[in-house]
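69 is the number of the first residue of the first sequence in the numbering used here; add one for each residue after it.
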Amino acid sequence: MSTKDWILHLDLDQFIAAVELLRHPELRGKPVVVGGSGDPTQPRTVAATATYEAREHGIHSGMPLRTALRRCPDAIFLPSDPPAYEAASERVMNILHTFPVRVEIWGWDEAFLGATTDDPETLAADLQHAVHNHTGLTCSVGIGDNKHQAKLASGFAKPAGIHRLTSDNWAETMNHRPTQALWGIGARTSKKLADLGLHTVAQLAAADPRHLAAHFGPTNGPWYRYLALGKGEAEIVTTPWIARGHSRETTFPHDLTDPADITHHVAALARQVAHDAGEAGRQVTRVTVKVRFTPFLTRTRQSKLPATTTDPDTIAQAAVTILHRFDLNRPIRLLGVAVEYTPPENDQPTLVTLE
DNA sequence: TCTGGGGTCCTAGGACCC
DNA sequence: TCTGGGGTCCTAGGACCC
């Protein structure tokens, strides 16, 4: 065996549910659903995750809590607790940094690792043992030549396993699968591809990139074929991610119709976002207001600020001005405020390139 | 199953300028 | 004005992911 560069994708199994079960060991083996404030009678609240026992009752993440309660009246409902997940995630990422690997964190429960070794499976098993010994959490590890392969491999490795998907076994593993199996092709694109006669990964890989470009745009079209060929990014970026923007939104349990009420909520969301931007030390350059009308029609309006700022009054004023560009004569179920940040100066991320 | 919240990137059309 | 072509910025929406 020869030493070679690998990309590993580490994915914590059932992360939110696993953290909750560590905090409430007495609930192990019971149907548990996590989401919202933990009140399953609250309308317009959905499950963030559900344990395997809850899944046996047909409950899954994204399902309204009221539906979950109907399907399993004995289920235990817990409120979502982001700070707890943040803390658990940080402990895991700290463990990864003790290994001779380059670490790129991808959200709470995932990381890509760059490693040079002749035995990636042993490295993967060592990582799993370290994470489990120090946190009680299990994870799946995918091994690939690039992030796309490693990401799909960790999916095949679930739960708690190790799987290798490289250019050597890509075709035999992926060619017969639907295009939606690729990371970055969802239900919509998969359907459009099928309408063009492209149902499988093999068919997409053999498609004419110009034909794809004509249907999906100059970047996306050829990119889909690239994915079908098993290609993908192979750079591990070890510097912390710099957010492009930030947002806050609220779905109201009951519709809003009073204009003063609507304005008040938008101003409050804008102040919150401005406060967050200030805490993060970032300047705001654009403000977007999002309105979701009943039953489910979503519209956005945005404007670029005359000057960058983090001042809550200025941002709230801008958001309220934008709000009044909407037709507000229909009941509203969601309001949101998003901002775009200016890129921080001296922003030169260090890239560690594989291959 | 009456459908969360927080992100990222791409596309297309119009305005505007040379 | 019976008007070419390209570049850039701004805005709204779509798709995807966790």
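Ideal placement from N, C-alpha and C gives every residue a C-beta, glycine not left out.
What residue range is occupied by the uninterrupted beta strand (DSSP E) comprising residue i?
| i | result |
| --- | --- |
| residue 256 | No beta strand (DSSP E) holds residue 256; the alpha helix (DSSP H) holding it covers 255–263. |
| residue 354 | 352–361 |
| residue 377 | 365–377 |
Would you mind working out which of the options sits nearest residue i, comparing C-alpha positions?
| i | options | result |
| --- | --- | --- |
| residue 91 | 152, 408, 73 and 330 | 152 |
| residue 248 | 80, 365, 81 and 272 | 272 |
| residue 115 | 94, 144 and 96 | 144 |
| residue 373 | 364, 385 and 363 | 385 |
| residue 334 | 390, 287 and 321 | 390 |
| residue 132 | 350, 109 and 210 | 109 |
| residue 251 | 315, 274 and 215 | 215 |
| residue 217 | 301, 167, 345 and 362 | 301 |
| residue 275 | 258, 293, 339 and 260 | 293 |
| residue 220 | 242, 365 and 106 | 242 |
| residue 283 | 296, 298, 299 and 266 | 266 |
| residue 83 | 206, 163 and 113 | 206 |
| residue 79 | 400, 395, 140 and 225 | 225 |
| residue 346 | 400, 329 and 381 | 381 |
| residue 101 | 74, 368, 137 and 94 | 137 |
| residue 234 | 222, 223, 400 and 211 | 211 |
| residue 404 | 353, 337, 396 and 173 | 337 |
| residue 396 | 74, 97, 122 and 357 | 357 |
| residue 76 | 141, 314 and 231 | 231 |
| residue 371 | 195, 406, 341 and 379 | 406 |
| residue 197 | 129, 130 and 160 | 160 |
| residue 412 | 237, 400, 297 and 313 | 313 |
For residue i, does the three-state DSSP call read helix, strand or coil?
| i | result |
| --- | --- |
| residue 269 | helix |
| residue 168 | coil |
| residue 208 | strand |
| residue 418 | At residue 418, the pLDDT of 36 sits below 50, so the modelled position is not reliable and the matter cannot be decided from this model. |
| residue 196 | helix |
| residue 244 | coil |
| residue 323 | strand |
| residue 124 | coil |
| residue 175 | coil |
| residue 413 | coil |
| residue 232 | strand |
| residue 400 | strand |
| residue 304 | strand |
| residue 143 | coil |
| residue 118 | strand |
| residue 423 | A caution first: residue 423 carries a pLDDT of 35, below 50, which makes its placement in the model unreliable, though a value can still be read off. Residue 423: coil per DSSP, three-state reduction. |
| residue 274 | coil |
| residue 162 | helix |
| residue 380 | helix |
| residue 250 | coil |
| residue 188 | helix |
| residue 109 | coil |
For residue i and residue j, what's the separation of their Cα atoms in angstroms?
| i | j | result |
| --- | --- | --- |
| residue 85 | residue 117 | 6 Å |
| residue 420 | residue 70 | Here residue 420 scores only 38 on pLDDT, less than 50, and its place in the model should not be relied on; the value that follows carries that caveat. If you take the alpha carbons of residue 420 and residue 70, they lie about 21 Å apart. |
| residue 165 | residue 408 | 31 Å |
| residue 392 | residue 343 | 23 Å |
| residue 185 | residue 72 | 6 Å |
| residue 286 | residue 278 | 8 Å |
| residue 351 | residue 309 | 16 Å |
| residue 228 | residue 209 | 8 Å |
| residue 291 | residue 258 | 14 Å |
| residue 168 | residue 183 | 7 Å |
| residue 376 | residue 316 | 19 Å |
| residue 422 | residue 178 | Any reading at residue 422 must be qualified, since the residue scores a pLDDT of 36, below 50, and its modelled position is unreliable; the value itself is stated next. Each residue's alpha carbon lies about 20 Å from the other. |
| residue 245 | residue 175 | 27 Å |
| residue 311 | residue 348 | 10 Å |
| residue 410 | residue 353 | 6 Å |
| residue 189 | residue 127 | 34 Å |
| residue 331 | residue 366 | 17 Å |
| residue 318 | residue 87 | 25 Å |
| residue 195 | residue 202 | 11 Å |
| residue 401 | residue 269 | 39 Å |
Which first and last residues belong to the alpha helix (DSSP H) in which residue i is found?
| i | result |
| --- | --- |
| residue 85 | 83–91 |
| residue 114 | Here residue 114 belongs to no alpha helix (DSSP H), and DSSP marks it neither H nor E. |
| residue 223 | 215–225 |
| residue 293 | 288–296 |
| residue 134 | 133–139 |
| residue 278 | 277–284 |
Using DSSP's beta-bridge definition, name the partner residues of residue i.
| i | result |
| --- | --- |
| residue 74 | 183 |
| residue 67 | There is no way to answer for residue 67, as the model of the chain reaches only from 69 to 423. |
| residue 153 | In the DSSP output, where bridge partners are listed per residue, residue 153 has none listed. |
| residue 392 | DSSP, once it has assigned bridges, lists no residue as partnering residue 392. |
| residue 314 | 407 |
| residue 80 | 207 |
| residue 100 | 144 |
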